[in-house]
Every structure is written in C-alpha cells, then in structure tokens.
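With the sequence shown counted from 1, adding 2 to any position gets you the numbering used here.
Quick reminder that beta carbons are idealized off the backbone N, C-alpha and C, glycines included.
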Amino acid sequence: MQISSPQVLLIDDDDDLRHALVQALELDGMNVQAFSSAASALPTVAFQFHGAVISDVRMPGMTGQEFLKEVMEIDPAIPVIFITGHGDVSMAVSAMRDGAYDFIEKPFPPNQLSAVVSRAIEKRRLVLENRILREEIDADGMLDETLVGKSEHLVKIRSQVTMLGEADIDVMINGETGAGKDVVARALHDHSNRKAAPFVAVNCGALPKEIIESELFGHEVGAFTGATQKRIGKIEFANGGTLFLDEIESMPIDLQVKLLRVVETRSLERLGSNKSIPLDIRIVAASKVDLAAASSIGEFRQDLYFRLNVATINLPPLRERQEDILMLFYRLARQARARFRKEIPEVTPRTIAQLHAYEWPGNVRELRNSADRFVLGMGLGIATENQLEVDQSDRSLPEKMASYEKALIEHELEKHAGSIKSTYEAFGVSRKALYEKMKKYDIQTGE
C-alpha cells in the first residue's frame, strides 16, 4: 500500500456554502472534492483513503450521522469533521462519541476549518504510515521485530537465533512463564531451512496425563478402549519441521523414556503398532525450571536433559531488561490497535513511569494484556497506577532520574517517528542539548 496525496471530501447540500468552502480550502493548498449529498460521496471513501472528510449534519437523504456510521464500517480511523448549525451541536457531540474527529459550529472563519482539517490529515497520514510499516514487518518477518528489544540480552538472543536457526540442532530455551519462550522457538523455526514445514507446539503442562501419550505419539485403531480411528500424533505431524515442547518439565517420567528414544533414533512407534516411523524433525524444548537441578534430584531424566540440551538460549525475565519494556509496549499496542481497530491513546510521561516502575511478574504476557487494556481505554491495569509513580528500587537518586530522563527521550523520539528536529522542539531544547543527552544514554535513531 502506498500513501497517495491527501484529499479533502466536502459534503454539504447548501450550494453557496459548499462553493465558498471549496475556494477557501483550495486557497490553503488543499485538494478538495465536493459533493451535494452523503450518498454520492460514500463510494469515494476506502480503507486506504488519505485525507479528511467534512460533512454537514442535517441533509436530505443520508444524514451526516448515517454517513459517519458507514465510514466507521469502512475504517474507523478516517477523520470525519462535522460542520453544524447551533441547533445541531448536541447531535454533533453525540456523533463524536460515535467516532467523528471533530465538529465546527456555524458560522466559522475559514482558517478555523483549515486548521482542523490540517490536523486531521496529519493524523490520517500517521495512521497510514504505521499500517505500511506493519505490513512491511509482517512481510519481511524481520528478526528484530519478532524478538523486540535493544538490551544486551535481546541483542545476544537475536544473534543466537540467527546462528542456531541455520545450524538445525536441538535447542533448549530457559525462562520464566510468559517471558516469550514460544516466540523464540518460532523465530528459530522461521530462520531455519525448515520454515516451510510445520511448526508444531505442544504444551506438556496443559495435556492431561491420560491422553498426553496418544497426543504425542498417535495410535492405531484398537490400541486402547475408544481408539476407533487411527490418529497421527504431534511428533509425527511435525515431520520435516520443528517440534516445540513447552513446559517439558511437566512431562511424566515414564513418558520421558519414550521421548528419549525418539530423540536418539529420530523414529517413533504409534500406540498399538510395532512399525517404526522415521522422523526428520528438529526439537526445541522450553522449561521454566532449572532442568539440570531437577535432573540431579530425579525429577527429570538426566539422559533426556543431556540429549535435548545441545544448545541453550536463556531468556531473562522482563524486569531484568528494562530497556526493552517501552519498545515492547509500543509494539504490543500497535498489534492491539490492529485487532481492536482503535487508535492508541497518548503515552504520557506518567504512563512511561508506570511501565518502568512495575516488576512485571507475568513478563511479556502480562505486558501484552496491559497494552490491550491501554488501547481499549482501560488504563494499564497494573499496581503502580494506585501507588506513587516513582522508581521504588534501591538505586540512587541520580540513577533513578537518569532512567526516567532516558525513558522520556525515547518516548518522544518514538512519538515523532525518530525525528530529531520534532523531538528537540517538543522538549524546548537545542539540537545540541538533545544530541548530548542521546549520547549520554546511548539512544540511537535512524535519522
């Protein structure tokens, strides 16, 4: 999708007013297309429309509110500005609750309308640019957009994924619940020569003990009571691709013996069969506990641990990579915006302070939930919102202030798409002062 030149759609059944507004807007350099009815303008509105819509409220046929409802179905991010008489103000306010961008009460000076339209067009441009960026990210599958972060931990993990993805060896991923072990496993698959083959994820802790063996290994007809059909198990289904065994520490000990044989021989036998099925799979296992310690006390088979632990990726909890929190939050908020079709509320310095003050015991999974709530207009939903929004750690005051200042600069750069000029103007400081702060905190930008 490419962004076209901005366009203004003007809808008003008053011929004289419509012509006067077209002239005023065109004198301000805007490309205006005028319509005498909402119904005739509607076919011009599309999901990729770049610009703003100006509409009267009371019109014969389709009213402004009815038109707004149709536009919101096409794309709720298209800015619709209502021009209205005094008697229609309450109606216009109601329309804003339904998604309108703004309303202007008649009579109004032309420059007032131009100012509102310019802001609406700029907002629409940012929406479209973000959509293009998201499409490019989804198309390219870039690793730094899959494993988001700039901390030393994430830089190292991206390097490991790149190297191990091509190596095609079994990998063990260690990390707390919600830290993103499944994302790392998927990245390993996507950056391997197996990426066109199946990626089969199995949560060993979520499967009941009674069915886990059948789920993993499959079964033949009559293998046990109720086995009326042949079943291909998860391991066999992953043939040619990657088998991801999450929470492998939860796998029953007796089943670990059978898995060990699969790992060693790269073959399996379905339940109720003596036929050996060859496998071409890569196994990625993940655990939230220390398997070396668990195997030393007999809670996990030591031989299976050694077989699976060919290479290891340790994924630190979110609280140990503070530099990644804001970047991850923006990324998750953009994903939420796409799902909920809502714009992201302003990320204020207060919001940033809350994000950095919280410990995130649920890691990235909890951060994702918080981003969803934020986009839905429900706040972050974390404990710091009801506490003092300051850094409560044992760090010194200068360290706390430096961390907060760095977060503010990163937020403003993100807000202005990396523009140095827009950022130092927003802060009211010189370019040199901003550059000195960025150098001090090792903040990088593409500008």
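Is it the case that the Cβ atoms of residue i and residue j are separated by a distance below 9 Å?
i	j	result
L11	T46	yes
A338	V377	yes
S275	A225	yes
A97	G63	no
I285	V265	yes
A36	F69	no
I279	L270	yes
E215	L245	no
R127	H21	no
L247	A287	yes
R367	G182	yes
L156	R333	no
D100	M61	no
I56	D18	no
Q25	L130	no
L328	H193	no
L273	G220	yes
I237	I283	yes
S252	G207	yes
P8	A54	yes
G87	K71	no
V349	K402	no
How close, in whole Å, do the beta carbons of residue i and residue j come, if the pair is a contact with beta carbons under 8 Å?
i	j	result
G235	E222	Not confirmed; about 11 Å, so no contact.
I346	A335	5 Å
D77	G66	17 Å between Cβ atoms; not a contact.
D30	S153	So it is not a contact: roughly 46 Å between Cβ atoms.
Y443	I411	7 Å
P319	N365	6 Å
L382	T353	7 Å
I83	F110	In fact, because the Cβ distance is near 11 Å, the residues do not count as touching under 8 Å.
L317	N176	7 Å
D170	N195	7 Å
D172	A203	Actually they do not touch by this definition, with Cβ atoms about 15 Å apart.
L27	V119	7 Å
H358	S405	7 Å
With DSSP as the reference, please indicate the residues paired to residue i in a beta bridge.
i	result
T454	One cannot answer for residue 454 here, as it falls past the ends of the chain, which runs 3 to 449.
A54	V10
R233	H221
L245	V202 and I285
N316	N176
L330	DSSP lists no partner for L330.
L270	I279
Helix, strand or coil for residue i, going by three-state DSSP, please let me know.
i	result
R309	helix
A48	coil
I139	Any reading at I139 needs caution, since the residue's pLDDT is 49, under 50, leaving its predicted position unreliable; the model's value is listed next. Correct three-state label for I139: helix.
T425	helix
I384	coil
F342	helix
A36	strand
P351	helix
S398	coil
Y443	coil
G430	coil
L390	No answer about L390 holds up, because its pLDDT of 37 lies below 50 and its placement is not dependable.
K377	Checking the sequence shown, residue 377 turns out to be Val, not Lys. Helix.
R20	helix
D100	coil
L436	helix
R188	helix
Y406	helix
R66	At residue 66 the sequence reads Gly, which differs from the Arg that was named. Three-state result, G66: helix.
I80	coil
S298	helix
R367	helix
D15	coil
K211	helix
Would the stretch 295–310 count as touching the stretch 339–346 if we require 3 or more Cβ pairs under 8 Å?
The stretch 295–310 vs the stretch 339–346: no contact.
With a cut-off of 8 Å, do at least 3 Cβ pairs link the stretch 148–164 to the stretch 182–195?
Cβ pair count under 8 Å is three or more, so yes.
Inspect the CB distances between the stretch 312–324 and the stretch 198–208 and report whether three or more fall short of 8 Å.
Fewer than three beta-carbon pairs drawn from the stretch 312–324 and the stretch 198–208 are found closer than 8 Å, and the two stretches are therefore not classed as touching.
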